[in-house]
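Numbering (full-length UniProt numbering), first residue to last: 1 to 146.
I have placed the structure first, in the form of C-alpha cells, so that the comments after it can refer back to it.
Structure (C-alpha cells):
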C-alpha cells in the first residue's frame with residue numbers, strides 16, 4: 001500500500017521532478033544529507049571561474065516484486081568538466097583503495113592471513129584464540145574468541 005503514495009514514474013527532467021511533491025521531497029532529503037554529513041559548503045565563486053556542474057539522477061527503487069518502494073534522488077558532480085591542472089589533486093576515488101592497501105599491509109605484517117575465498121577477511125590464530133577482521137568498503141568488523 002505504501003507504494004501507492006510514491007511516484008511510479010521516473011522524471012526525465014528536473015522540471016518534471018520539481019512538479020511532483022514526492023520527487024521534491026527526495027531531492028530535499030539528498031541536500032539535507034549533504035548538510036548532515038558536512039560534505040557541501042556553499043562558497044562565493046571567484047571572478048572569472050565557472051563551477052563544475054551538477055546533475056540530478058532520479059530513480060525509482062523497487063522491491064523484489066517490482067513495486068516502487070522509494071523515490072531516490074542523487075545530486076552528482078559533472079567531474080568531466082573539470083579544468084586540467086585545477087583541483088586535480090583533490091580526487092577522492094583512489095582514496096578507499098589506498099586506505100585498504102595500507103590497512104591490509106599492516107594486518108599482514110602483524111601475522112594476519114588473508115582469507116582464501118574472501119580476501120577482505122583477515123584471520124589471526126594463536127594457540128587458543130582466533131581474531132577476525134572483515135573489511136567492507138569503509139566498514140571494519142572485528143570478531144574474536146576472547
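We put the CB at the ideal spot given by N, CA and C, even for glycine.
Chain B contact for residue i (CB, 8 Å cutoff)
{"i": "residue 46", "result": "Considering every chain present, this structure includes no chain B. It has just one protein chain."}
Nearest-angstrom Cβ-Cβ length linking residue i and residue j, presumed shorter than 8 Å
{"i": "residue 130", "j": "residue 145", "result": "5 Å"}
{"i": "residue 107", "j": "residue 133", "result": "6 Å"}
{"i": "residue 135", "j": "residue 103", "result": "7 Å"}
Under 8 Å between C-beta atoms of residue i and residue j
{"i": "residue 56", "j": "residue 73", "result": "yes"}
{"i": "residue 23", "j": "residue 60", "result": "no"}
{"i": "residue 25", "j": "residue 58", "result": "no"}
{"i": "residue 44", "j": "residue 76", "result": "no"}
{"i": "residue 52", "j": "residue 78", "result": "yes"}
{"i": "residue 122", "j": "residue 114", "result": "yes"}
{"i": "residue 27", "j": "residue 15", "result": "no"}
Reduced DSSP category for residue i - H, G, I as helix; E, B as strand; rest coil
{"i": "residue 57", "result": "strand"}
{"i": "residue 100", "result": "helix"}
{"i": "residue 157", "result": "Because residue 157 is not part of the residues shown, which for the chain are 1 to 146, the question remains open."}
{"i": "residue 70", "result": "strand"}
{"i": "residue 109", "result": "helix"}
{"i": "residue 22", "result": "helix"}
{"i": "residue 128", "result": "coil"}
{"i": "residue 29", "result": "helix"}
{"i": "residue 43", "result": "coil"}
{"i": "residue 114", "result": "strand"}
{"i": "residue 62", "result": "strand"}
Run of the beta strand (DSSP E) containing residue i, from where it starts to where it stops
{"i": "residue 48", "result": "Here residue 48 belongs to no beta strand (DSSP E), and DSSP marks it neither H nor E."}
{"i": "residue 139", "result": "139-144"}
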